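Q: What follows is a single structure, and I will ask about it in a moment.
Protein chains in written order, with the working numbering: chain Z, 2 to 202; chain P, 2 to 202.
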């Protein structure tokens with residue numbers, strides 16, 4: 002009984018932690034990663050500051066845990082569905098389709114969590130900035146690798162530098178996201194879709 | 002004498018105001034527009050909070066005046082030099098050259114003032130967000146108009162929608178800026194230059 006109770010308490014704690022982090026990830030796309038201080042998040046979800054400190058200990062730990070949660074959601078919404086196909090060109094198309102789709106469905110209220118964070122932390126120093134920069138770098142490297150594979154398979158012209166193509170695809174996604182959120186206007190996502198379609202023709 | 006003194010005081014006041022706003026515009030590209038509260042800016046430039054209140058009255062007035070100052074700098078650094086040519090295609094090239102150049106020279110320490118602001122204020126409401134959105138819209142409309150004129154002059158293919166071309170050019174500029182600042186890596190600006198050159202060929 003004692004063991005079952007302990008397990009249930011751990012599991013309640015885990016659920017509560019996940020709920021807090023989901024709220025923090027949403028809040029970050031509205032008010033920035035700087036906006037998710039323990040005090041503000043406590044007020045936002047109606048929990049005590051001491052309760053939040055028990056979970057995370059510091060603002061930085063809370064921010065890092067929020068980034069992990071956002072990455073899990075991004076993987077589930079964007080990366081994993083694109084693994085439905087082994088064809089590199091099809092996978093590229095699916096990745097950006099899913100990316101723009103998750104922005105349009107407001108999975109995070111303020112659009113792409115990582116696009117917001119990349120703009121915000123550029124001039125900061127420390128583990129939060131390093132983590133966001135590493136995630137951006139890994140994403141672009143993965144896109145460039147898929148471009149390389151699509152070129153090797155003959156589905157994309159071989160004379161473009163893969164890192165250049167990856168930059169351009171990411172540029173369309175980034176601008177589509179920023180325009181959509183700033184003007185609350187899906188036309189920016191349509192422009193992004195048209196540009197990506199054209200680049201992957 | 003009294004008049005001269007009054008004039009000198011006004012002019013001292015104006016210089017002081019400009020100095021404050023230049024510091025505020027720099028700070029905004031590091032800590033965001035939210036970062037330029039009267040308290041933080043007072044600490045940053047070593048002036049009293051009451052002195053700053055005398056100049057601006059409220060955080061929102063300070064933010065709006067900072068945006069005006071950033072726009073003047075942007076006009077001087079990017080827009081006006083491109084008016085050296087009347088040819089619409091050449092003017093487009095010059096605008097983006099100057100844009101990427103002003104990012105690389107760190108005219109604002111955190112890259113393009115407006116790219117940062119557009120990402121930051123997307124989910125806000127009020128005059129600051131409206132002003133940033135209007136500036137972004139006016140810039141894109143101007144780019145689309147130049148594309149239209151270049152098409153009419155036969156310097157760009159006529160089958161592309163001008164708003165689509167403007168979106169793609171802005172996307173390269175935006176991603177070049179974000180990548181350059183996030184990774185402190187000029188390669189992103191090179192990617193942007195290559196993409197813009199290709200699109201305006």
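All C-beta atoms in this analysis are idealised placements derived from N, C-alpha and C, irrespective of residue type, glycine included.
These numbers were taken from a predicted model, which means no experiment stands behind them.
Which word fits residue 69/P, buried or exposed, when buried means at least 16 other C-beta atoms lie within 10 angstroms of its C-beta?
A: Within the second chain, residue 69/P is the residue found at index 68, counting from 1. That one is exposed.
Q: Can you confirm whether residue 175/Z, when its beta carbon is compared against all beta carbons of chain P, has any partner nearer than 9 Å?
A: In the first chain, counting from the first residue as 1, residue 175/Z sits at position 174. With 9 Å as the cut-off, residue 175/Z counts as an interface residue toward chain P.
Q: Could you give the C-beta distance for residue 30/Z and residue 120/Z, rounded to a whole number, given that I count them as a contact under 8 Å?
A: Taking the first residue of the first chain as 1, we reach residue 30/Z at position 29. Taking the first residue of the first chain as 1, we reach residue 120/Z at position 119. Going by Cβ atoms, the distance from residue 30/Z to residue 120/Z rounds to 11 Å, so no, they are not a contact pair.
Q: Run down chain Z in chain order and give the residues with a C-beta less than 9 Å from the C-beta of residue 134/P.
A: Here the question's residue 134/P lines up with position 133 in the second chain. Correct list: 183 and 184.
Q: Specify, as a first and last residue, the run of the alpha helix (DSSP H) that residue 84/Z falls within.
A: By 1-based counting over the first chain, the position of residue 84/Z is 83. Per DSSP, residue 84/Z belongs to no alpha helix (DSSP H) and is neither H nor E.
Q: Using the C-alpha atoms, what's the distance from residue 185/P back to residue 96/P?
A: By one-based count along the second chain, residue 96/P stands at place 95. By one-based count along the second chain, residue 185/P stands at place 184. If you take the alpha carbons of residue 96/P and residue 185/P, they lie about 23 Å apart.
Q: At the level of alpha carbons, what is the spacing between residue 105/Z and residue 181/Z?
A: Here residue 105/Z refers to the residue found at position 104 of the first chain. Here residue 181/Z refers to the residue found at position 180 of the first chain. Approximately 8 Å, taken between the alpha carbons.
Q: I want to see whether chain P comes within less than 9 Å of residue 164/Z, judged by CB atoms only; does it?
A: On the first chain, position 163 is the one that residue 164/Z refers to. It does; some Cβ of chain P falls within 9 Å.
Q: Which term fits residue 200/P, buried or exposed, when burial requires 16 or more other beta carbons within 10 angstroms of its beta carbon?
A: Here residue 200/P corresponds to residue number 199 of the second chain, with the count starting at 1. Per the 10 Å Cβ criterion, buried.
Q: Please report the distance separating the alpha-carbon of residue 167/P from that of residue 107/P.
A: As a first step, residue 167/P must be located in the second chain, where it is residue number 166. As a first step, residue 107/P must be located in the second chain, where it is residue number 106. Approximately 24 Å, taken between the alpha carbons.
Q: Got a sec: is the Cβ-Cβ distance from residue 160/P to anything in chain Z below 9 Å?
A: Along the second chain, read from residue 1 onward, the residue named residue 160/P stands at position 159. Not an interface residue.
Q: Under 9 Å between C-beta atoms, does residue 10/Z make it to chain P?
A: Position 9 of the first chain, counted from the start, is the residue given in the question as residue 10/Z. Judged by the 9 Å Cβ criterion, residue 10/Z is not in contact with chain P.
Q: In chain order, what residues of the same chain lie with their CB nearer than 6 Å to the CB of residue 163/Z, ignoring the 5 residues before and after it?
A: For the purposes of this step, residue 163/Z is identified with residue 162 of the first chain, where counting begins at 1. Excluding residues within five positions, the ones whose Cβ falls inside 6 Å are 145, 148 and 149.
Q: Since residue 187/Z is in the alpha helix (DSSP H), which residue starts that stretch and which ends it?
A: Stepping through the first chain from its first residue, residue 187/Z is reached at position 186. Neither: residue 187/Z is in no alpha helix (DSSP H) and is coded neither H nor E.
Q: Please report the straight-line C-alpha distance between residue 204/P and residue 98/P, rounded to a whole angstrom.
A: Nothing about residue 204/P can be reported from this structure: the residues present for chain P run from 2 to 202 only.
Q: Nearest CA to the CA of residue 102/Z: which residue from 53/Z, 156/Z, 42/Z and 191/Z?
A: By 1-based counting over the first chain, the position of residue 102/Z is 101. Considering only alpha carbons, the answer is 191/Z.
Q: So, under 8 Å CB-CB, residue 34/Z and residue 64/Z are touching, yes? Tell me the CB distance rounded to an integer number of Å.
A: As a working mapping, residue 34/Z is identified with position 33 in the first chain. As a working mapping, residue 64/Z is identified with position 63 in the first chain. Yes, residue 34/Z and residue 64/Z are in contact; Cβ-Cβ is about 5 Å, under 8 Å.
Q: Please classify residue 154/Z: does DSSP put it in a helix, a strand, or coil?
A: Taking the first chain and counting its residues from 1, one reaches residue 154/Z at position 153. Looking at residue 154/Z - three-state DSSP - the assignment turns out to be coil, as it is neither helix nor strand.
Q: Give a yes or no on whether the minimum CB-CB distance between residue 138/Z and chain P is below 9 Å.
A: Along the first chain, one-based indexing puts residue 138/Z at 137. So, interface residue.
Q: In its own chain, which residues sit with a C-beta less than 7 Å from the C-beta of residue 60/P, not counting the 5 before and 5 after it?
A: Your numbering for residue 60/P matches position 59 in the second chain. Cβ neighbours of residue 60/P beyond the five flanking positions: 38 and 39.
Q: From residue 127/Z to residue 113/Z, what distance separates their C-alpha atoms?
A: Numbered from its first residue, the first chain carries residue 127/Z at position 126. Numbered from its first residue, the first chain carries residue 113/Z at position 112. Approximately 22 Å between the Cα atoms of the pair.
Q: So, is the C-beta of residue 189/Z closer than 9 Å to a C-beta in chain P?
A: Stepping through the first chain from its first residue, residue 189/Z is reached at position 188. Closer than 9 Å to some Cβ of chain P, the Cβ of residue 189/Z qualifies, so yes.
Q: DSSP state of residue 70/Z, grouped into three classes?
A: Looking up residue 70/Z in the first chain gives position 69. Of the three classes helix, strand and coil, the one that applies to residue 70/Z here is helix, per DSSP.
Q: For residue 192/P, go through chain Z and note every residue whose CB falls closer than 8 Å to its CB, in chain order.
A: Stepping through the second chain from its first residue, residue 192/P is reached at position 191. Near residue 192/P (Cβ distances below 8 Å), the residues of chain Z are 164, 165, 168 and 169.
Q: Would residue 105/P count as contacting chain Z if we go by Cβ distances under 9 Å?
A: Residue 105/P sits at position 104 when you count from the first residue of the second chain. Not one chain Z Cβ lies under 9 Å of residue 105/P.
Q: Could you give the DSSP three-state label for residue 109/Z: helix, strand or coil?
A: Taking the first chain and counting its residues from 1, the one referred to as residue 109/Z is at position 108. The answer is coil: DSSP assigns residue 109/Z none of H, G, I, E or B.
Q: Give a yes or no on whether 9 Å exceeds the smallest Cβ distance from residue 46/P to chain Z.
A: Residue 46/P sits at position 45 when you count from the first residue of the second chain. So, not an interface residue.
Q: Does DSSP classify residue 126/Z as helix, strand or coil?
A: Mapped onto the first chain, residue 126/Z falls at position 125. Looking at residue 126/Z - three-state DSSP - the assignment turns out to be coil, as it is neither helix nor strand.
Q: Of the choices 100/Z, 93/Z and 183/Z, whose alpha-carbon is the least far from that of residue 72/Z?
A: On the first chain, position 71 is the one that residue 72/Z refers to. Residue 72/Z has its Cα closest to that of 100/Z, out of 100/Z, 93/Z and 183/Z.
Q: Taking residue 30/Z as the query, report the chain P residues whose CB atoms sit under 9 Å from its CB, ordered along the chain.
A: Position 29 of the first chain, counted from the first residue, corresponds to residue 30/Z. Neighbours of residue 30/Z on chain P, chain order: 123 and 124.
Q: Please list the partners that residue 119/Z has in chain P, where partner means a Cβ-to-Cβ separation under 8 Å.
A: The sequence position of residue 119/Z within the first chain is 118, counting from 1. Simply 179 and 183.
Q: Is it the case that the Cβ atoms of residue 66/P and residue 25/P are separated by a distance below 9 Å?
A: Locating residue 66/P in the second chain gives position 65, where the first residue counts as 1. Locating residue 25/P in the second chain gives position 24, where the first residue counts as 1. Yes, the Cβ-Cβ distance between residue 66/P and residue 25/P is below 9 Å.
Q: Quick check: residue 156/P and residue 89/P, are their CB atoms within less than 9 Å of each other?
A: For the purposes of this step, residue 156/P is taken as the residue at position 155 of the second chain. For the purposes of this step, residue 89/P is taken as the residue at position 88 of the second chain. Yes, they are a contact pair.
Q: Within 9 Å of any Cβ in chain P, is that where the Cβ of residue 127/Z sits?
A: Against the first chain, residue 127/Z aligns to sequence position 126. Taking Cβ atoms only, chain P never reaches closer than 9 Å to residue 127/Z, which makes this a no.
Q: Could you tell me the boundaries of the alpha helix (DSSP H) in which residue 51/Z lies?
A: As a working note, residue 51/Z is residue 50 in the first chain. Residues 50–57.
Q: Go ahead and pull the three-state DSSP assignment for residue 46/Z.
A: The sequence position of residue 46/Z within the first chain is 45, counting from 1. In this structure, residue 46/Z counts as helix in the three-state DSSP scheme.
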